[in-house]
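> In my numbering, the protein residues as written are 800 to 2040.
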């Protein structure tokens, strides 16, 4: 077997390979730490060992040994001379070896200093090398890389292939090398050689004729450069002369140098000629302005026909609702509200952009919108309108947001719009027009025609099997954008890997806001050496917000799910993007927003005829339930904590070319009939930091681009961004310094190791990364899990670069838990500082992940102390649109699901709802459901620290539970929306606030949104979310549960605070027993999903999370009456896991009262100022405005807090009732009132 693994460091002593003549079977290359522990646990015998590449040091190795059910890791480091040695304690002389086999052979002998003698080698599993994966199973040979792809790499000598005879007659040279000299080079490599002399001779001979041709082309280009750029002509001549003078033994290097010069000239000569011609044309008086100076075409005034929304009680007074017209003038910054009166007369009122206080989207009624106007100074009123459709409402909101942004006094944007497209072009050029793709026209969730031509700030195009050269492709995209926007978009990055390409274009006005551009690619084709499959990525900063974009083409074939999963994990680990300081983190945690697009090639697991029948009836839900990507995500195998908008368009593959009416699903091949069932191969997903703003406004595919067997897919996003913050007060003095302080941290990691750990902290708000001391306590009740804790003495205090709250509330902190023995990461996470700001410590709770897999959980107590001098803040543009939990009843007709990956940051009536507990009360709710919300029988296993991901835990240490402990399978109701809400009157506060990286999604109007949430769950909701901010998960991140587990879940908060960390020592895993059969249609879900435990659940020798969770829950709540198992709340469709609201520990809120204006007849609304809200005599409004929190004025006035004198008695509960639910804002208000009280004293 040839070639060492990824960690093969420098050859040990004298050029010998550190792996010896061939890699030994106990060497597992780049096997992950978690996978190594799992292999050793399966081996189960003391002295079992393996060697893998180190995850923390390139070129180093890790020796992993099993002893007394624990895995001990020893680092093997190469020294300056290339010799290998096991890392030893200080003062102990290491033993040096030339190769790994020599080192291991020593420790096969007893008493050599390891915890035990190496006894049983755990060999690696060899994979088949002949795994053909070329292009969706249609070609028998891999496609050659396109000639235009400068980044392509053809197969090297390690993968010799039969070549077709070359036209230049030089193919015999290559054949001679492959038949004879190739073996000589291979033998030299085995002996440790780093050069291939025979291949070098072959290349020189093959390129002799090319040398002369390049010289001729260079001379011609030199003449052109002298004509169009005389200043640089001399330099070009000198460069050419230098390349020609090189010769002798460096013939190949000489050719490469000349080709580099040729490339530079070819890429620059057109620009030089264009500039020269433009300079010449400037003398013409009627020459048009340069493209970059042209402005985008003006947005015309758009009119929306609406009706005033009134309650039935008011209809008897004023008759039926009257029609209004809302005209939006984006350019003029005006909104005209007009209604018809008698005799065709019109009554109209004009509001300038600064008089529109807030837009409030109804959550229950998809096409209802409340508008809060400022009528006079300190007086406002709200009016609700019903639009023709939800799409019209979204278009209206988008136009008003655009108007607000256009006329704001902010120098930098708070929010940008991003277009993302993915298309497998099928190796043929694109059609002349791709307008429908760029304008998001077609099937699925599309934009309204009123807003479809509004230019986006960023355009990201990902293509696969794209045979067009990079430059031609980018220019064609720019031409399309210019045609529809009259803007000259600037390409900021183009990256290719064979026929996989990604291009990012930005509005000219944003070009200077882009920085730190990075590009990378990863091959995942045959043996990870061919680029026909793989990924390309681009990353950059937009002001203070980091973005990452990955376009991939994964393995094809219906049955190759595991291979696709591995492709994803390889890309996640190997794609080199983002801040190099964050090398400990995979790319899913390196960016504020990461978008992943491409031909993922996941198929549908269903009979072809059934698939076609469902497609013909436009019933996509049954197909989405058998979509391989959805199933793998539910198991947490891939795309952990990513989000995807609801799919409401037909499968995009595999169409008959030339039409979109027919799917071609069979192809006769030499090996038999090949089946490619219609599937959603082309997808767009994303993952964002917690407490950030991102909304998906469209997700669909075109229906008129027919050149490929794939349809292009598009999505648009509204994304909050931060500016490069400049402190108005300068650097903080010592008395004005903000601090990030930790009181304690506890982590539970999935590992059989018993080493010590420390934590590293990274953030852009820190000057450099910081480390904690080693943990001061650890314990375990399960051989495969370890609980480690740090007290405040072990945790360092962090000092942010700037101390303003406006800056800090946009910052995030990355944590990685590392071992002292190997300095390898056992889990990483991200925390939002926004929820942690205040004078009192706040508790956080989130999951740990490593290499794309969940590896445990972490929680603790921290605070971000901000000096009072730096407390000023302002409202962001995306906070201007909020969501109103208006009516308590559920929506009529088809229920709408909202996939929220955590608590969302939702505002109502100008108030921020921290919990984001948008709950839908179904009319059919039973009395027993209501009684289930009784806090006296609350059981919440999510608070138990041992409720973790347990897949891969051997049965020998975590046996299956007996049948009586397993929930009995119960039927599900596909139409049911979700669990009943908690008791409305409960006011108990959870002892912990949350923080974690969830990813919000706005649902498509009128359609259910189905996606994997932050906890891997699917959740129903009452309507379209407006300004959704990514919020943390519940007080403990719950793994998804099957329907039977609903018995255990509490629906009300704790009646009194409980200890935060139950003692793991009280938890016991029961002895092994018979396993209950799996309910029909249910599958094992990693983390406890799928309902029931059957053969599918234990094939990998796993212990179900449900088993452990139920045991832990019962041991944690002794004496509590069990919930009735006969009436679990219904779930939609097959068990997708438990909705977040069911386990929410925050107190439920009463439905927020509508504004006074809403309950009055429309004549009174518009004709009388008595319905308006006026500010109290002590200027509550001015006080709020000074704090930058004026949006809470209306809520405080509604609740009677209209005087600062009375406000001094306000409590946190009073603030919550008034809509102040953001913990940061609550603390700001209370702190300000406290300071005022002290001043008065």
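We treat Cβ as the ideally placed atom computed from N, Cα and C, and that holds for glycine.
1. Buried or exposed: where does residue 1097 fall if 16 or more other Cβ atoms within 10 Å of its Cβ makes it buried?
2. Take every Cβ of the stretch 1474 to 1488, pair it with every Cβ of the stretch 1385 to 1398, and state whether three or more of those distances are shorter than 8 Å.
3. Can you name the residues that DSSP bridges to residue 1239?
4. Whole angstroms are fine: how far does the CA of residue 1163 sit from the CA of residue 1683?
5. Mark residue 1670 as exposed unless 16 or more other C-beta atoms lie within 10 angstroms of its C-beta, in which case mark it buried.
6. Using C-beta distances below 7 Å, list every residue in its chain close to residue 1009, excluding the 5 sequence neighbours before and after it, in chain order.
7. Under a three-way DSSP split, which group does residue 1330 fall into?
8. Sorry if obvious, but does the Cβ on residue 1473 come closer than 8 Å to a heavy atom of the ligand ATP?
9. Which term fits residue 1278, buried or exposed, when burial requires 16 or more other beta carbons within 10 angstroms of its beta carbon?
10. Below 6 Å CB to CB, which residues in the same chain sit around residue 2041 once its five sequence neighbours on both sides are set aside?
11. Can you tell me whether DSSP reads residue 1195 as helix, strand or coil?
12. Taking 9 Å as the threshold (C-beta atoms), are residue 1221 and residue 1398 in contact?
13. Here's the rule I'm using: 16 or more other beta-carbon atoms within 10 Å means buried, otherwise exposed. How should residue 1315 be labelled?
14. I need the straight-line Cα distance from residue 1348 to residue 1981, nearest angstrom please.
15. According to DSSP, residue 1395 sits in a beta bridge with which residue or residues?
16. DSSP beta-bridge partners for residue 2051?
17. Tell me whether residue 1614 is buried or exposed, calling it buried when 16 or more other Cβ atoms sit within 10 Å of its Cβ.
18. If you measure between the beta carbons of residue 766 and residue 1336, is that distance less than 9 Å?
19. Pick helix, strand or coil for residue 1990, following the three-state DSSP scheme.
20. Taking only runs that begin and end inside the stretch 1601 to 1631, name each unbroken alpha helix (DSSP H) of 4 or more residues, in chain order.
21. CA-CA distance, residue 1247 and residue 1447?
22. Between the alpha carbons of residue 1444 and residue 1160, how many angstroms are there, rounded?
23. Closest to residue 1267 by CA distance: which of 1377, 984, 1300 and 1538 is it?
24. Are the beta-carbon atoms of residue 1640 and residue 1490 separated by less than 9 Å?
25. Could you tell me the distance, in whole angstroms, from the CA atom of residue 1204 to the CA atom of residue 1212?
26. Return helix, strand or coil for residue 921, following the three-state DSSP convention.
27. Taking contact to mean 3 or more Cβ pairs, one atom from each stretch, closer than 8 Å, check whether the stretch 1364 to 1371 and the stretch 1402 to 1409 are in contact.
28. Roughly how many angstroms separate the alpha carbons of residue 1344 and residue 1181, rounded to a whole number?
29. With which residues is residue 1549 paired in a DSSP beta bridge?
30. Are the beta-carbon atoms of residue 1561 and residue 1294 separated by less than 9 Å?
31. By the DSSP assignment, the alpha helix (DSSP H) with residue 1101 in it spans what residues?
32. Just grab the DSSP bridge partners of residue 834 for me.
33. Measuring only the C-alpha atoms, how far is residue 1126 from residue 1374?
34. Three-state secondary structure (DSSP) at residue 1260?
35. Would you call the CB atoms of residue 1626 and residue 1611 closer than 9 Å?
36. Look at residue 1652 and residue 1439 and say whether their C-beta atoms are less than 9 Å apart.
In short, the structure shows the following:
1. Under this definition residue 1097 is an exposed residue.
2. Touching, yes.
3. In the DSSP output, where bridge partners are listed per residue, residue 1239 has none listed.
4. Each residue's alpha carbon lies about 8 Å from the other.
5. Counting the other Cβ atoms within 10 Å of the Cβ of residue 1670 gives 16 or more, which makes it buried.
6. Taken in chain order, the residues that qualify are 1054.
7. Annotated three-state conformation of residue 1330 is coil, per DSSP.
8. Questions concerning the ligand ATP fall outside what the structure shown contains, since it holds no ligand whatsoever.
9. Counting Cβ neighbours within 10 Å, residue 1278 comes out exposed, since fewer than 16 surround it.
10. The requested residue 2041 does not occur in the structure, where the chain is confined to residues 800 to 2040.
11. Reduced to three states, the DSSP call for residue 1195 is helix.
12. Taking 9 Å as the cut-off, the beta carbon of residue 1398 is found closer than this to the beta carbon of residue 1221.
13. Result: exposed.
14. The straight-line gap from Cα to Cα measures roughly 44 Å.
15. Paired residue(s): 1349 and 1484.
16. Only positions 800 to 2040 of the chain appear in this structure, which leaves residue 2051 out of reach.
17. Classification of residue 1614: buried, given that the 10 Å Cβ count is 16 or more.
18. This structure leaves residue 766 out entirely; the chain is present only between 800 and 2040.
19. Three-state result, residue 1990: helix.
20. As far as the stretch 1601 to 1631 is concerned, its whole alpha helix (DSSP H) runs of at least 4 residues are 1604 to 1607.
21. Residue 1247 and residue 1447: Cα-Cα distance of roughly 16 Å.
22. About 19 Å.
23. Per the Cα distances, 1300.
24. Not in contact: residue 1640 and residue 1490 (Cβ atoms no closer than 9 Å).
25. If you take the alpha carbons of residue 1204 and residue 1212, they lie about 7 Å apart.
26. If DSSP states are grouped into helix, strand and coil, residue 921 belongs with coil.
27. Contact between the stretch 1364 to 1371 and the stretch 1402 to 1409 is absent, with fewer than three C-beta pairs closer than 8 Å.
28. Each residue's Cα considered, the two are about 34 Å apart.
29. DSSP lists 1584 as partners of residue 1549.
30. No, they are not a contact pair.
31. Element bounds for residue 1101: not the alpha helix (DSSP H) but the beta strand (DSSP E), 1101 to 1107.
32. Beta-bridge annotation (DSSP): residue 834 is not paired with any residue.
33. Going by the C-alpha atoms only, they are around 48 Å apart.
34. Three-state DSSP puts residue 1260 in a strand.
35. Contact: no.
36. In this structure, residue 1652 lies near residue 1439, with their beta-carbon atoms less than 9 Å apart.
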